[in-house]
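Residue numbers (our numbering): 1 to 366.
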Amino acid sequence: MTGKELWYISQAHASGHLAGDGQFTKKCSAWLEQRIGCQKALLTQSCTAALEMAAILADVQPGDEVIMPSYTFVSTANAFVLRGATPVFVDIRPDTLNIDETKIENAITPRTKVIVPVHYAGVSCEMDTIMDIARRHNLLVIEDAAQGIMSTYKGRPLGSIGHMAALSFHETKNIISGEGGALLINDARFVERAEMIREKGTNRSQFFRGQVDKYTWVDIGSSYLPGEIVAAFLWAQMEEADAINKRRLDIWANYHQWFASLEKAERVRRPTLPRECVHNAHMYYLILPSLGLRTAFIERLKARGIHTVFHYIPLHSSPRGQSIGRAHGDMTHTNNTGERLVRLPLWLGLEEQLADVIAEVVAAAQ
Ligand SMILES: *Cc1c(COP(=O)(O)O)cnc(C)c1O
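As structure tokens, then:
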């Protein structure tokens with residue numbers, strides 16, 4: 001926590017409005033609209049919920065295909081699979097670990113409807129290329145920006161580039177509310193329908209604004225909005241977003257410096273940042289030479305009381321992904337990363353001395 005979370009929660013309680021879309025939700029969405037520069041920001045209960053809304057808004061139908069990386073969280077795929085679509089997995093780039101934009105066009109078929117770039121570790125995908133492909137093939141782009149808040153691509157905030165984007169405020173992310181997320185809309189044609197889908201398929205938002213005199217069932221939808229207690233917590237975090245970002249970047253830069261010599265000695269590979277990307281220090285990872293060395297590394301650090309973790313099991317090799325998805329082409333970099341990447345502790349409360357100790361132990365363990 002950054003300090004004011006419990007105070008704002010008590011204010012939400014005192015206001016007598018604990019359901020969604022109260023004063024704290026409004027502050028949070030206005031902040032997102034202003035900072036990210038999207039047309040509309042709608043708070044949701046999770047990034048997963050925001051992706052599900054985006055899939056409905058994109059009118060994804062059974063048999064449609066959605067292009068995405070395999071090296072991602074299950075929600076990227078599930079949101080579309082829930083609408084009957086087939087996830088088509090494309091390999092990642094070995095440098096940023098983001099979807100390889102040069103392999104997307106080959107994966108497009110007449111059934112393709114959406115491309116979902118995932119900004120891994122808060123480092124942007126090659127968005128100019130992806131938007132150009134989408135334009136030429138008449139596809140929608142839905143950014144999975146779960147890890148991307150406050151990052152930019154060529155000066156543009158992540159979440160402001162695709163037709164829609166999804167953010168996460170899960171406690172493992174940079175700005176948090178326990179569970180939480182937001183749907184960002186950059187294409188005005190989706191705004192009105194998004195409000196209805198989020199409010200159980202009713203026009204309740206219009207009713208509260210006095211635009212209609214009663215509210216009723218107008219569309220499919222679900223209950224995707226968070227209550228005010230969650231928004232109050234989130235607002236305290238948003239107020240401190242710059243400080244949070246700076247602190248994380250400091251820890252990240254410190255790690256990065258520590259491991260420069262290890263990389264020179266070819267014992268690890270450090271994260272790569274393309275020149276056009278400003279990141280948010282969502283994650284510090286190392287890529288080790290092999291699965292065996294990574295397993296030994298995690299064990300050695302565990303014995304020293306340091307918790308390091310690997311990340312995604314590629315979706316194309318998971319039981320569900322194998323039965324329902326399709327890998328397009330070679331998945332070498334996805335498979336390699338799945339076996340060799342390890343994440344180091346990085347969180348707001350991590351003290352400087354402790355980060356140094358971790359770095360020292362990691363360097364010795366390698
Ligand atoms: C965390 C994450 C999600 C899911 O976010 P929730 O808010 O937990 O639903 C989706 N995609 C990616 C890439 C993530 O990192």
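All residues carry an ideal CB built from backbone N, CA and C; glycine is no exception. Fair warning: this is a prediction, and the values are worked out from it, not measured in the lab.
Note down the Cα distance separating E276 from T152, rounded to an integer number of angstroms.
8 Å
List in chain order the residues whose CB is within less than 6 Å of at least one heavy atom of ligand 1.
S46, C47, T48, T72, F73, S75, T76, V118, D144, A146, Q147, S168, H170 and G181
May I have the straight-line CA-CA distance separating Q237 from S177, to the nearest angstrom?
8 Å
Mind pulling the alpha helix (DSSP H) runs of 4 or more residues that sit fully within the stretch 190-272?
191-198, 204-208, 228-239, 241-258 and 260-264
For E105, which residues of its own chain have a beta-carbon under 7 Å away from its beta-carbon, when the five flanking residues on both sides are left out?
I133
How many whole angstroms separate the CB atoms of K40 and I185, which I take to be in contact at a CB cut-off of 8 Å?
4 Å
Test item: CB-CB of A49 and L183 under 9 Å:
yes
Please determine if the stretch 51-64 and the stretch 256-276 are in contact, where contact requires at least 3 C-beta pairs separated by less than 8 Å.
no
Exposed or buried, G159, counting other C-beta atoms within 10 Å across all chains shown (16 or more means buried)?
buried
Three or more beta-carbon pairs under 8 Å between the stretch 339-352 and the stretch 275-291, yes or no?
yes
Within the same chain, show all residues whose beta-carbon is closer than 6 Å to that of M150, passing over the 5 residues directly before and after it, in chain order.
If the five residues before and after M150 are omitted, its C-beta is found closer than 6 Å to the C-beta atoms of N245 and N280, all from its own chain and listed in chain order.
Would you say the stretch 91-99 touches the stretch 119-133, given that touching needs at least three Cβ pairs under 8 Å?
Counting C-beta pairs with one atom in each stretch, the stretch 91-99 and the stretch 119-133 have three or more that are closer than 8 Å, which means they touch.
Residue burial classification, N138 (beta-carbon count within 10 angstroms, cutoff 16)
exposed
In angstroms with no decimal places, state the Cα-to-Cα distance between S222 and G155.
Cα to Cα, the separation comes out at about 35 Å.
Apart from the five residues on each side of it in sequence, which residues of its chain come closer than 6 Å, Cβ to Cβ, to R304?
Here the set comprises V361.
E171, buried or exposed, once every other Cβ within 10 Å from all chains shown has been counted against 16
exposed
Three-state secondary structure (DSSP) at S318?
coil
Go through its chain and collect everything with a Cβ distance to E195's Cβ below 6 Å, but skip five positions before and after it.
S205
Beta carbon of L419 nearer than 9 Å to that of R247:
Here the chain covers residues 1 to 366 and nothing more, so residue 419 does not appear.
Thinking C-alpha only, which one of C38, V116 and A253 is nearest V60?
V116
Output needed for A146: all residues of its chain with C-beta closer than 6 Å, excluding positions within five of it in sequence on either side, in chain order.
C47 and S168
Three CB pairs or more closer than 8 Å across the stretch 76-86 and the stretch 319-328
With a cut-off of 8 Å on Cβ pairs, the stretch 76-86 is in contact with the stretch 319-328, counting three or more such pairs.
Please say whether E239 and S15 have beta carbons closer to each other than 9 Å?
no
Determine the extent of the beta strand (DSSP E) in which M164 is found, giving its start and end residues.
Taken as a continuous stretch (DSSP letters only), the beta strand (DSSP E) holding M164 covers M164 to S168.
With a cut-off of 8 Å on the beta carbons, I'd call T44 and L273 a contact; round off their distance for me.
In fact, because the Cβ distance is near 29 Å, the residues do not count as touching under 8 Å.
How would you write the range of the alpha helix (DSSP H) that Y8 sits in, first residue to last?
Counting along the chain, the unbroken alpha helix (DSSP H) around Y8 starts and ends at E5 to S15.
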